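Asks: Mind looking over this structure? Questions follow.
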Amino acid sequence: MTGCVFCSIVAGEVDAEVVLETDHVLGFLDTRPVFKGHTLLVPREHVETLPDLPAFLRDPFLEAGQRLATAMTTALGSQGSFVAMNNVVSQSVPHLHLHVVPRTKGDGLRGFFWPRTRYEDGEAGEYAGRLRSAVGADQA
1 MTGCVFCSIV
11 AGEVDAEVVL
21 ETDHVLGFLD
31 TRPVFKGHTL
41 LVPREHVETL
51 PDLPAFLRDP
61 FLEAGQRLAT
71 AMTTALGSQG
81 SFVAMNNVVS
91 QSVPHLHLHV
101 VPRTKGDGLR
111 GFFWPRTRYE
121 DGEAGEYAGR
131 LRSAVGADQA
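What follows is the structure, encoded as structure tokens:
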């Protein structure tokens, strides 16, 4: 897609430190990492959000995310990883991308994205019901 920096990276028009490459996805270092090794995984095909991801790309995308999460510990010696993606809100590039960030206990990353809240009495059940209905779980 014209004007998409991630599509330009996939096409080889913009340099990136590539760490994983398959027929369907590309993983490369984030130029502004949370921690060194922070990798972005993108589908080669221009897809803007997770709901837009075609079915044939789901397994290759998730499998590559698993490989990157494992690599954070085996290659970098981290204790684990933080894996996340934004859809529209806070999505700095409108091309689906999964952040895979190496994590170590005591690394200072706390409350990085989410303030916490609580449900009022009965409210959790209401929210769960609305979501069950939207994903079709009530029809099962």
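Numbering (UniProt numbering), first residue to last: 1 to 140.
Backbone N, C-alpha and C fix where the C-beta goes; we use that ideal spot for every residue, glycine too.
The model shown is predicted, which means the values in this text are computed figures rather than measured ones.
1. Give me the residue from P102, T74, T117, V47 with the minimum Cα distance to A84.
2. Measuring CA to CA, which of D107, H99, P60, V25 is closest to N86?
3. Assuming H97 and C4 make a contact with CB atoms under 8 Å, what is their CB distance in whole Å?
4. What do you get for S78, buried or exposed, if any count of 16 or more other CB atoms within 10 angstroms of its CB means buried?
5. At 4 residues or longer, and completely inside the UniProt domain "HIT" (5-110): list those alpha helix (DSSP H) runs for me, N to C.
6. Measuring CB atoms only, is the segment 43-50 touching the segment 18-26, in the sense that at least three cross pairs come out at less than 8 Å?
7. Exposed or buried, A71, counting other C-beta atoms within 10 Å across all chains shown (16 or more means buried)?
8. So for Y127, helix, strand or coil by DSSP?
9. Which residue from G122, L20, V89 puts its Cα closest to that of T49?
10. Applying the 10 Å Cβ sphere with the 16-neighbour rule, what's the burial state of L68?
Replies: Checking against the coordinates, here is how it stands:
1. P102
2. H99
3. Between C4 and H97 the Cβ distance is about 11 Å, and since that is not below 8 Å, they are no contact.
4. buried
5. 5-10, 55-76
6. yes
7. buried
8. helix
9. V89
10. buried
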